[in-house]
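Asker: Residue numbers (numbering that gives the first Met the number 0), protein chains in the order written: chain H, 0 to 256; chain B, 0 to 256.
Number of protein chains: 2
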Amino acid sequence: MAGNMDAIMLIGDSLTQGGWEPGGFAQRLAYRYARKMDVLNRGLSGYNTEWALEVFKQTFPRNDGGGGGQKVKLLIIWFGANDAVLPPKVQHSPLPKFKENMHTLISLLRSPSSAYHSPHTRLLLITPPPFSSLQRGSILASRTPPEPLDRDQAVTRAYAQAVRELGEEQAIPVVDMYTLLWEGAGGKEEGLDKWMQDGLHVNAAAYEVLYDHIVSTVKTHYPELHPDNLPFVFAPWDEMIRTTDVKGTLQSRYKNV
Amino acid sequence: MAGNMDAIMLIGDSLTQGGWEPGGFAQRLAYRYARKMDVLNRGLSGYNTEWALEVFKQTFPRNDGGGGGQKVKLLIIWFGANDAVLPPKVQHSPLPKFKENMHTLISLLRSPSSAYHSPHTRLLLITPPPFSSLQRGSILASRTPPEPLDRDQAVTRAYAQAVRELGEEQAIPVVDMYTLLWEGAGGKEEGLDKWMQDGLHVNAAAYEVLYDHIVSTVKTHYPELHPDNLPFVFAPWDEMIRTTDVKGTLQSRYKNV
Numbered sequence: 000m001a002g003n004m005d006a007i008m009l010i011g012d013s014l015t016q017g018g019w020e021p022g023g024f025a026q027r028l029a030y031r032y033a034r035k036m037d038v039l040n041r042g043l044s045g046y047n048t049e050w051a052l053e054v055f056k057q058t059f060p061r062n063d064g065g066g067g068g069q070k071v072k073l074l075i076i077w078f079g080a081n082d083a084v085l086p087p088k089v090q091h092s093p094l095p096k097f098k099e100n101m102h103t104l105i106s107l108l109r110s111p112s113s114a115y116h117s118p119h120t121r122l123l124l125i126t127p128p129p130f131s132s133l134q135r136g137s138i139l140a141s142r143t144p145p146e147p148l149d150r151d152q153a154v155t156r157a158y159a160q161a162v163r164e165l166g167e168e169q170a171i172p173v174v175d176m177y178t179l180l181w182e183g184a185g186g187k188e189e190g191l192d193k194w195m196q197d198g199l200h201v202n203a204a205a206y207e208v209l210y211d212h213i214v215s216t217v218k219t220h221y222p223e224l225h226p227d228n229l230p231f232v233f234a235p236w237d238e239m240i241r242t243t244d245v246k247g248t249l250q251s252r253y254k255n256v
Numbered sequence: 000m001a002g003n004m005d006a007i008m009l010i011g012d013s014l015t016q017g018g019w020e021p022g023g024f025a026q027r028l029a030y031r032y033a034r035k036m037d038v039l040n041r042g043l044s045g046y047n048t049e050w051a052l053e054v055f056k057q058t059f060p061r062n063d064g065g066g067g068g069q070k071v072k073l074l075i076i077w078f079g080a081n082d083a084v085l086p087p088k089v090q091h092s093p094l095p096k097f098k099e100n101m102h103t104l105i106s107l108l109r110s111p112s113s114a115y116h117s118p119h120t121r122l123l124l125i126t127p128p129p130f131s132s133l134q135r136g137s138i139l140a141s142r143t144p145p146e147p148l149d150r151d152q153a154v155t156r157a158y159a160q161a162v163r164e165l166g167e168e169q170a171i172p173v174v175d176m177y178t179l180l181w182e183g184a185g186g187k188e189e190g191l192d193k194w195m196q197d198g199l200h201v202n203a204a205a206y207e208v209l210y211d212h213i214v215s216t217v218k219t220h221y222p223e224l225h226p227d228n229l230p231f232v233f234a235p236w237d238e239m240i241r242t243t244d245v246k247g248t249l250q251s252r253y254k255n256v
């Protein structure tokens with residue numbers, strides 16, 4: 000696109016798709032990065048990493064595309080909540096498969112031989128949040144016929160741990176939503192109500208925690224992408240009312256960081 | 000971008016830039032069009048049409064760009080609030096100049112000889128909203144030194160009227176925010192509080208009115224772009240858990256309407 004507006008891309012499951020809710024992390028990022036970077040939400044409700052990998056290859060700009068598209072300068076990756084569902088639910092990915100898929104995703108971006116090799120894309124991982132067995136359990140129990148609980152806290156915790164390890168191994172910063180929400184809940188399922196809509200999907204308070212940690216993580220690890228360090232691509236109005244060179248002042252200030 | 004995700008582009012002033020607020024019309028559109036079309040907000044706080052035209056030429060995809068970028072299928076144009084400010088404020092554009100600039104903008108998109116000619120882009124105009132002389136007046140009066148009121152309701156109304164006329168003349172649908180908010184206020188400045196943050200910028204209630212009218216206008220005039228008529232570009236999860244052809248089901252369903 001002309002004007003060289005870069006993008007932040009979000010990939011993940013319903014927690015990411017729901018980021019466009021009022022107070023969601025996509026909405027907050029879009030507001031904060033207005034006139035600096037676009038936010039492209041590629042969240043896919045109900046998806047696991049197995050399915051998402053196929054979509055990624057159809058969504059992320061290929062480096063043989065001849066340009067013209069936006070550059071994704073920051074890719075935020077948030078999977079695990081559905082991979083961690085218990086069998087026989089179809090979305091279940093065994094932990095080794097989840098790790099392999101996450102590894103494949105990173106390799107697609109980082110291997111020079113990959114069609115998606117993208118050295119200008121900074122990465123950020125998010126761990127899956129805890130779920131509330133109380134809320135989720137009562138929703139499933141109220142269905143006709145009643146369904147058993149489809150997640151296990153220790154299992155979800157292991158998927159979060161896998162994301163932390165991947166971050167360490169690959170030197171990618173991680174926002175550890177699992178730990179942030181669990182500790183914020185006082186380490187008790189009863190405490191999770193404050194973060195949850197329905198036991199699985201987080202609310203605006205949890206998204207605010209996420210947003211704050213994304214911005215502070217960007218500040219530490221990718222300061223060139225922090226909103227305070229990116230110019231408005233086009234001049235702020237208070238410069239416009241002072242300038243004597245209207246056309247010159249209106250030239251794009253896009254910074255290819 | 001691969002995956003062929005089309006875009007809705009918003010151009011305008013601070014009323015548009017603020018569309019990313021929680022409950023703003025950009026947030027609401029992004030939520031509703033998730034997995035169907037991206038929302039690209041090109042709102043420029045404080046801008047008039049004179050400045051915005053220069054930015055448009057650097058922002059809107061040129062048709063000689065060789066492809067690769069997203070197609071803007073819907074362009075929502077919302078100017079007038081700053082053009083209608085009274086002189087000597089620098090943002091003032093006389094009414095004939097405002098009309099000319101709006102006309103130029105449309106011509107850039109519709110003239111076959113234009114570098115921005117874009118037959119696949121549907122257009123939608125929004126009239127500038129009323130301002131509250133009570134709220135705006137008291138904010139300006141409280142400045143040091145106090146400033147006089149910088150807008151006139153009859154003037155803003157004339158700019159709204161110009162947008163309505165342009166829509167009629169060019170056969171472009173118009174969401175008449177001026178009339179919607181004014182009538183919703185009982186035709187009295189005192190009633191405008193319910194729509195306003197500060198006398199100029201509208202609140203989430205007004206953005207909801209706007210969003211609802213955008214969606215219903217799209218339904219009437221561009222039904223192929225109504226969210227109910229666009230598929231998720233990638234399969235919903237409840238299809239995924241039933242399919243026996245995972246890879247086939249995950250192929251992009253992008254519809255070039």
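We put the CB at the ideal spot given by N, CA and C, even for glycine.
So is residue 135 of chain H buried or exposed if we call it buried at 16+ other beta carbons inside 10 Å?
Answerer: Buried: at least 16 other Cβ atoms inside 10 Å.
Asker: Helix, strand or coil: which one does DSSP assign to residue 72 of chain H?
Answerer: Looking at residue 72 of chain H - three-state DSSP - the assignment turns out to be strand.
Asker: Would you call residue 81 of chain H buried or exposed, if buried means 16 or more other Cβ atoms sit within 10 Å of its Cβ?
Answerer: With 16 or more other Cβ atoms within 10 Å, it is buried.
Asker: Hey, out of B/77, B/63 and B/17, whose CA is closest to residue 172 of chain B's CA?
Answerer: Closest option to residue 172 of chain B, Cα to Cα, is B/77.
Asker: Could you check whether the segment 24-40 of chain B touches the segment 102-112 of chain B, counting it as contact only if at least three pairs of C-beta atoms, one from each stretch, sit closer than 8 Å?
Answerer: The segment 24-40 of chain B is not in contact with the segment 102-112 of chain B.
Asker: If you count every other CB in all the chains shown that lies within 10 Å of the CB of residue 192 of chain H, and 16 or more means buried, which is it?
Answerer: The residue in question, residue 192 of chain H, is exposed, as its Cβ has fewer than 16 Cβ neighbours within 10 Å.
Asker: Of all the residues that make up the segment 188-213 of chain H, which are near chain B by a beta-carbon distance shorter than 9 Å?
Answerer: Hits within the stretch, in order: 203.
Asker: Assuming residue 129 of chain B and residue 165 of chain B form a contact by the criterion Cβ under 8 Å, report the distance between their Cβ atoms to the nearest whole angstrom.
Answerer: The pair is not a contact, with the Cβ atoms about 19 Å apart (cut-off 8 Å).
Asker: For a contact meaning CB atoms closer than 8 Å, what does residue 245 of chain B contact in chain H?
Answerer: The contacting residues are 49, 50 and 53.
Asker: Between the segment 208-226 of chain H and the segment 15-30 of chain H, do three or more beta carbon pairs fall short of 8 Å?
Answerer: Yes: at least three Cβ pairs fall under 8 Å.
Asker: Identify every residue that forms a DSSP beta bridge with residue 37 of chain B.
Answerer: According to DSSP, residue 37 of chain B bridges with B/6.
Asker: Quick one: using the 10 Å Cβ neighbour count with 16 as the cut-off for buried, is residue 58 of chain H buried or exposed?
Answerer: Buried.
Asker: Could you check whether the segment 156-165 of chain B touches the segment 184-203 of chain B, counting it as contact only if at least three pairs of C-beta atoms, one from each stretch, sit closer than 8 Å?
Answerer: The segment 156-165 of chain B vs the segment 184-203 of chain B: no contact.
Asker: For a test of the three-state rule: what should DSSP assign to residue 156 of chain H, helix, strand or coil?
Answerer: Of the three classes helix, strand and coil, the one that applies to residue 156 of chain H here is helix, per DSSP.
Asker: Should residue 123 of chain H and residue 216 of chain H be called a contact, given that it needs their Cβ atoms to be closer than 8 Å?
Answerer: Cβ distance < 8 Å, so residue 123 of chain H and residue 216 of chain H count as in contact.
Asker: Would you mind reading off the limits of the alpha helix (DSSP H) that contains residue 31 of chain H?
Answerer: Segment 24-31, the alpha helix (DSSP H) holding residue 31 of chain H.
Asker: Let me know if residue 243 of chain H comes out buried or exposed under the rule of 16 or more other beta-carbons within 10 Å of its beta-carbon.
Answerer: Its Cβ having fewer than 16 others within 10 Å, residue 243 of chain H is exposed.
Asker: Pull up the DSSP beta-bridge partners for residue 125 of chain H, would you.
Answerer: Residue 125 of chain H is bridged to H/174.
Asker: Measure from the C-beta of residue 101 of chain B to each C-beta in chain H and report whether the shortest distance is under 8 Å.
Answerer: It does not: the Cβ of residue 101 of chain B has no partner Cβ on chain H nearer than 8 Å.
Asker: Please list, in chain order, the residues of the segment 13-24 of chain B that have any C-beta partner in chain H closer than 7 Å.
Answerer: Listed by position along the chain: 16, 19, 20, 21 and 22.
Asker: Check whether the Cβ atoms of residue 120 of chain H and residue 107 of chain H sit closer than 8 Å, and answer yes or no.
Answerer: Going by C-beta atoms, residue 120 of chain H is not nearer than 8 Å to residue 107 of chain H.
Asker: Following the continuous alpha helix (DSSP H) through residue 134 of chain B, name the residue where it begins and the one where it ends.
Answerer: Counting along the chain, the alpha helix (DSSP H) containing residue 134 of chain B begins and ends at 132-140.
Asker: Using a Cβ cut-off of 7 Å, pull out every chain B residue sitting near residue 37 of chain H, in sequence order please.
Answerer: Per Cβ cutoff of 7 Å: 39.
Asker: Please confirm whether residue 149 of chain H has its beta-carbon closer than 8 Å to some beta-carbon of chain B.
Answerer: No - not a single Cβ of chain B is within 8 Å of the one on residue 149 of chain H.
Asker: Taking the alpha-carbon positions, what's the residue 126 of chain H to residue 143 of chain H distance?
Answerer: Taking the straight line joining both Cα atoms gives about 32 Å.
Asker: Grab the span of the alpha helix (DSSP H) containing residue 207 of chain B for me, first residue to last.
Answerer: Looking at the DSSP string, the run of the alpha helix (DSSP H) that includes residue 207 of chain B is 203-220.
Asker: Would you say residue 10 of chain H faces chain B, with C-beta separation under 8 Å as the test?
Answerer: No, its Cβ sits nowhere closer than 8 Å to a Cβ of chain B.
Asker: Using the rule of at least 16 other Cβ atoms within 10 Å of the residue's Cβ for burial, across every protein chain shown, is residue 117 of chain B buried or exposed?
Answerer: Label assigned to residue 117 of chain B: buried.
Asker: Give a yes or no on whether the minimum CB-CB distance between residue 236 of chain H and chain B is below 8 Å.
Answerer: With 8 Å as the cut-off, residue 236 of chain H counts as an interface residue toward chain B.
Asker: With a threshold of 8 Å between beta-carbons, can residue 89 of chain B be considered close to chain H, or not?
Answerer: With 8 Å as the cut-off, residue 89 of chain B counts as an interface residue toward chain H.
Asker: Let me see if you follow: with CB-CB separation under 8 Å, is residue 92 of chain B close to chain H or not?
Answerer: Output row for residue 92 of chain B: interface = no.
Asker: Verify whether the separation of the beta carbon atoms of residue 222 of chain B and residue 254 of chain B is less than 8 Å.
Answerer: No, Cβ-Cβ distance for residue 222 of chain B and residue 254 of chain B is not below 8 Å.
Asker: Using 8 Å for Cβ pairs, my map puts residue 240 of chain H next to residue 90 of chain B. What's the rounded Cβ distance?
Answerer: Right, the Cβ-Cβ distance comes to about 7 Å (below 8 Å), so this counts as a contact.
Asker: So if I threshold CB-CB distances at 7 Å, which residues from the segment 105-117 of chain B count as touching chain C?
Answerer: Of the protein chains in the structure, H and B, none is chain C.
Asker: May I ask which residues mark the beginning and end of the alpha helix (DSSP H) holding residue 269 of chain H?
Answerer: For chain H, the structure presents residues 0 to 256; residue 269 of chain H sits outside this window and is missing.
Asker: For residue 125 of chain H and chain B, any beta-carbon pair shorter than 8 Å?
Answerer: No, residue 125 of chain H lies away from the interface with chain B (no Cβ there is under 8 Å from its Cβ).
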